[in-house]
Structures are given as structure tokens and as C-alpha cells.
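Asks: According to the numbering used here, the sequence shown is numbered sequentially starting from -11.
Positions of the beta carbon are idealized from the N, C-alpha and C atoms, including for glycine.
Here the structure is a predicted model, which is why all the values come from computation and not from measurement.
Okay, here's the structure, questions in a sec.
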Amino acid sequence: MEIPILRRKPSYATITQALEKLKLKPSSWEGNAEPEDAKLGDDGSDNAFLMSVIMSEFDWLQDTQDKAGKTLSIDEQKERLVQEASSRISERCGRSAAGEMTRTWVIPKSLNTPEIRFDIREPPLTGDQIGLKTWGTSFVLAKRLEYIGSEYLGALVDNESISYLPTVLELGAGTGLVGMAAAAIWSTNVLLTDLEDIQDNLLFNINKNIATVTELNGSISGDVLDWTKPQEALELLIVTQFEVVIAADPMYDHEHPALVVEMITKFLKKGSESRALVAIPLRDTHTEGMALNFSTLMENSGFSAVYRDHESFKDDWTSEDDVQVQWTIWRRVDRTLTP
């Protein structure tokens, strides 16, 4: 479909169809967001068209009907067209300019698990509420959970060899992708936690995807956990020691490495069999420094790294360059064996 030229006085339906074709599908790091119709916008004319829609008086339009048969006045048509054009421009200005969106995240089928699809809502970003966005690290880690579970957490997540289900805690769950994926892939019960401001959206996503998790014999729930107030943390829970603690991209300020170490120390079950899984993106010197500081603090707090790996990913928030994510499995050191 060609982009309509407004001076030729196209119909409301024609303009609406063009605006719909220019909609950018949200990226899930399997590829960049692209216009649904590749013929639109390949010469940069899409932005000019969008601006012309916003500025036009549309003096040639007449009353018409929408797809539902409702009569639309000229003013109503103008309002809808301007609103749609504004949305298309926001989509091209990056995630922080876009409104609420829902992304479908697909965990590929494997020999042991079916394809799993999670519908994740992301509200408009406001202030520093970065937990309202699904970060690239979460998707990378979610797709690696089956491998990590079978290779490094077997005694904890292999339900065929044990008679109980492990309890898993996620720190800084954000939109909930990693915790829900862990519950589904490992067929276990996961508690997803984050700050109170993030909780409403987290619980929304939990409720939206609970059937998917339940079908795979998993269980998910959410709770508030403020790392700066450990004395108030999870105080209503009967169990506060977890076999596995997960944290994906949990650090963005200098005090966070110490806080994450404190939370792992507090909530990871005592003994050398429990495990902490922490994934940190190495975006720049700041995050590289936090990753190094975190590792040092973990070692000084009685933990050792069982396994560490790196993987590349793309984030639709930042540049098109690949970013390395470092994920590490930690265990408590059995100090009784130390001479």
C-alpha cells in the first residue's frame, strides 16, 4: 500500500488504513520493531506523512461510519486521525515516549518443554520506575532457564528425582517474565517480589499468565520486598528461606550490589545445596564496576561461583550494538570444611 498524499484528499478509511500499517510492533529482542508493511516508510516519507496528518484541517472529509457502523462526525474523524498519528510518532521516539503496551514473549519449544508464551503488560514509563519495562536481560535468562536448571540446579528442580517442590524467590521481578518462566519451565512455585510501586503491574501480569504456568504444574505469587527495609521483608510469609534465589538485571545504582548480596544472604536457604542465580548486563563501565563489586561482596559474604557464562543480547531501549550479559550461579561455602 502506498502512503496517501493528503493534497489528493483521500478518504478517512484510506488514511486510517495507512496509519494502521505504519504501526510498529513492539520488539522482544528477536528482531527490531518494523512497520507491519515494509513498503511504507522505506524512504523516510512516513514521518512526513504523520506530521501532515497532525497539521491537516481535513476540510474535504464528510460524515462517515466506522467499522462498527457508528456515525463519525468530521471533528471525530479529525480527532481519531490525529491521535493515531501521534501514537505512530511516539512509537518512533523510543520506549520512554510510548504509552502502555503488551508484548508476547515466546520461550522456544525444546525436547522437554512446549513453546511457552507470556503476555506481559508494560505501562507508560514514568520517572525512575524502570521495573515497568521488560529488560533484555530478562528475556535472555528466561530462554536459558531450562539449560541452567538441568545442568546446574538438577537436585533442586528435577521433580522426578525428589518428592517435593523447591521454593524459588525472585528479587526485583519487574514485569515478571523471569519468575513466571522459572515456575513454568521448572514446574515449581516461585515468589516474585519488587517495590510497592511496581506491585500493581506485577500482579496484573501474574494473574494474566497464571493459567499458562499452572498448565505446566507451576505456581506463582507476588509480594512487596524493599531491599532497604529488610526487617519488614516478607514478614507475613511462613517460609522465608528459599532453595533458589533469582535476580535478573537488579543493579542500577552504586548501593545495589551490597543490597542484593544482603537479600541473598537473608533469604537463600542455609547449606551448600541452595543456589543463587544472578544475571547482570555489562552495558558500560558503570555496570561492569557493579558486577565486579557484587562478585567481591558475594565472595566476602561466604559464597563461591559454581558457574559463570556470558551471552549477547539487544535491548530496544539502547543502541543497536550487542550488550553482554553475565550470569552466575552462586552457592554458600561450607565453612565446616575449611581448615
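Rounded C-beta distance between A267 and T125? I'm assuming under 8 angstroms.
Replies: Taking the sequence shown and counting its residues from 1, the one referred to as residue 267 is at position 279. Taking the sequence shown and counting its residues from 1, the one referred to as residue 125 is at position 137. Between T125 and A267 the Cβ distance is about 5 angstroms, and since that is below 8 angstroms, they are a contact.
Asks: In chain order, what residues of the same chain lie with their CB nearer than 7 angstroms to the CB of A279, ignoring the 5 residues before and after it?
Replies: For the purposes of this step, residue 279 is identified with residue 291 of the sequence shown, where counting begins at 1. Taking A279 as the centre and dropping the five residues before and after it, the same chain places the C-beta of I268, L270 and Q314 closer than 7 angstroms to its C-beta, in chain order.
Asks: Take F230 and list the residues in its own chain whose beta-carbon comes closer than 7 angstroms to its own, dropping the five residues that flank it on each side.
Replies: Counting from one through the sequence shown, the residue named residue 230 turns up at place 242. So the list reads T155, V156, L157, F255, L256 and K257, once near-sequence residues are dropped.
Asks: Does the beta-carbon distance from Y0 to T59 come in below 7 angstroms?
Replies: Residue numbering aside, residue 0 sits at position 12 when the sequence shown is read from its first letter. Residue numbering aside, residue 59 sits at position 71 when the sequence shown is read from its first letter. The answer is no: Cβ separation not under 7 angstroms.
Asks: Identify the residues that DSSP records as bridge partners of H298: which are they?
Replies: Here the question's residue 298 lines up with position 310 in the sequence shown. Bridge partners of H298: Q314.
Asks: With a threshold of 16 other CB atoms inside 10 Å of the CB of V233, please say whether the residue is buried or exposed.
Replies: On the sequence shown, residue 233 is found 245 positions in, with the first residue counted as 1. Label assigned to V233: buried.
Asks: Taking just the CA atoms, how far does T90 sit from T2?
Replies: As a working note, residue 2 is residue 14 in the sequence shown. As a working note, residue 90 is residue 102 in the sequence shown. Taking the straight line from one Cα to the other gives about 27 angstroms.
Asks: How close, in whole Å, do the beta carbons of G167 and L180 come, if the pair is a contact with beta carbons under 8 angstroms?
Replies: The residue given as residue 167 occupies position 179 in the sequence shown. The residue given as residue 180 occupies position 192 in the sequence shown. The C-beta distance from G167 to L180 rounds to 4 angstroms, short enough to meet the 8 angstroms contact threshold.
Asks: Which two residues bound the contiguous alpha helix (DSSP H) that contains F255?
Replies: Position 267 of the sequence shown, counted from the first residue, corresponds to residue 255. It spans H244 to F255 - the alpha helix (DSSP H) in which F255 sits, taken as one unbroken run.
Asks: Please report the distance separating the alpha-carbon of L222 from that of R76.
Replies: Looking up residue 222 in the sequence shown gives position 234. Looking up residue 76 in the sequence shown gives position 88. Looking at the two C-alpha atoms, the distance is approximately 42 angstroms.
Asks: Are L190 and G210 touching if we call contact CB-CB under 7 angstroms?
Replies: For this step, residue 190 is matched to residue 202 along the sequence shown. For this step, residue 210 is matched to residue 222 along the sequence shown. Between L190 and G210, the gap from beta carbon to beta carbon is short of 7 angstroms.
Asks: May I ask you to report which of helix, strand or coil DSSP gives T218?
Replies: In the sequence shown, counting from the first residue as 1, residue 218 sits at position 230. First, the residue type needs correcting, since residue 218 is Pro and not Thr in the sequence shown. Residue state, collapsed to three classes: helix.
Asks: Which residues in the same chain have their Cβ closer than 7 angstroms to the Cβ of N49, if we skip the five residues on either side of it in sequence?
Replies: Working through the sequence shown from its first residue, we reach residue 49 at position 61. In the sequence under discussion, the amino acid at residue 49 is Leu, which differs from the Asn named in the question. Answer for L49: Y0, I62 and Q65, listed in chain order.
Asks: Can you look up W93 in the DSSP assignment and give me helix, strand or coil?
Replies: Along the sequence shown, read from residue 1 onward, the residue named residue 93 stands at position 105. Residue state, collapsed to three classes: strand.
Asks: Beta-carbon separation of G160 and P238 under 7 angstroms?
Replies: For the purposes of this step, residue 160 is identified with residue 172 of the sequence shown, where counting begins at 1. For the purposes of this step, residue 238 is identified with residue 250 of the sequence shown, where counting begins at 1. Yes, these two residues count as a Cβ contact at 7 angstroms.
Asks: Out of curiosity, what's the CA-to-CA distance linking F106 and R(-4)?
Replies: In the sequence shown, residue 106 corresponds to position 118, counting from 1. In the sequence shown, residue -4 corresponds to position 8, counting from 1. Distance between the alpha carbons of F106 and R(-4) is about 44 angstroms.
Asks: I'd like the span of the alpha helix (DSSP H) that includes T202, first residue to last.
Replies: Here residue 202 refers to the residue found at position 214 when the sequence shown is read from its first residue. Looking at the DSSP string, the run of the alpha helix (DSSP H) that includes T202 is E184 to E203.
Asks: Which two residues bound the contiguous alpha helix (DSSP H) that contains G142?
Replies: For the purposes of this step, residue 142 is taken as the residue at position 154 of the sequence shown. That run of the alpha helix (DSSP H) goes G142 to V145.
Asks: Tell me the DSSP secondary structure of E359 in three-state form.
Replies: Look at the range of the chain in this structure, -11 to 327, and you will see that residue 359 is not part of it.
Asks: CA-CA distance, S260 and N35?
Replies: Numbered from its first residue, the sequence shown carries residue 260 at position 272. Numbered from its first residue, the sequence shown carries residue 35 at position 47. Whole-angstrom Cα-Cα distance: 58 angstroms.
Asks: Have a look at A170 and M286 and give me their C-alpha separation to the nearest angstrom.
Replies: Counting from 1 along the sequence shown, the entry for residue 170 is found at position 182. Counting from 1 along the sequence shown, the entry for residue 286 is found at position 298. Answer to the nearest angstrom: the Cα atoms are 23 angstroms apart.
Asks: Could you check whether the Cβ of Q229 sits closer than 6 angstroms to any heavy atom belonging to the ligand SAM?
Replies: Absence of the ligand SAM is noted for the structure shown, with no ligands found whatsoever.
Asks: Alpha carbon to alpha carbon, how far is E72 from K55?
Replies: As a first step, residue 72 is located in the sequence shown; it is residue number 84 there, counting from the start. As a first step, residue 55 is located in the sequence shown; it is residue number 67 there, counting from the start. The alpha-carbon atoms of E72 and K55 are separated by roughly 16 angstroms.
Asks: On the DSSP letters alone, give me the boundaries of the beta strand (DSSP E) that I234 sits inside.
Replies: Position 246 of the sequence shown holds residue 234. Run containing I234: V232 to A236, per the beta strand (DSSP E) assignment.
Asks: Please classify E139: is it buried, with 16 or more other beta-carbons within 10 angstroms of its beta-carbon, or exposed?
Replies: Within the sequence shown, the letter at position 151 stands for residue 139. Burial call: exposed.
Asks: Measure the beta-carbon distance from A172 to T200 and round it to whole angstroms, keeping in mind my assumption that it falls under 8 angstroms.
Replies: Within the sequence shown, the letter at position 184 stands for residue 172. Within the sequence shown, the letter at position 212 stands for residue 200. The pair is a contact, with the Cβ atoms about 6 angstroms apart (cut-off 8 angstroms).
Asks: Under 8 angstroms Cβ to Cβ from S283, same chain only, skipping five residues before and after it: list those, please.
Replies: Here the question's residue 283 lines up with position 295 in the sequence shown. Contacts found: A293 and T316.
Asks: Bridge partners of I108, per DSSP?
Replies: Working through the sequence shown from its first residue, we reach residue 108 at position 120. Its beta-bridge partners are R91.
Asks: For N177, name the three-state secondary structure that DSSP assigns.
Replies: Here residue 177 corresponds to residue number 189 of the sequence shown, with the count starting at 1. N177: strand per DSSP, three-state reduction.
Asks: Do you know whose CA, among L204, I186 and R319, lies nearest N177's CA?
Replies: Counting from 1 along the sequence shown, the entry for residue 177 is found at position 189. Closest by alpha carbon: L204.
Asks: So A267 is in the beta strand (DSSP E); what residue range does that whole segment cover?
Replies: Taking the sequence shown and counting its residues from 1, the one referred to as residue 267 is at position 279. Per DSSP, A267 belongs to the beta strand (DSSP E) from R263 to L270.
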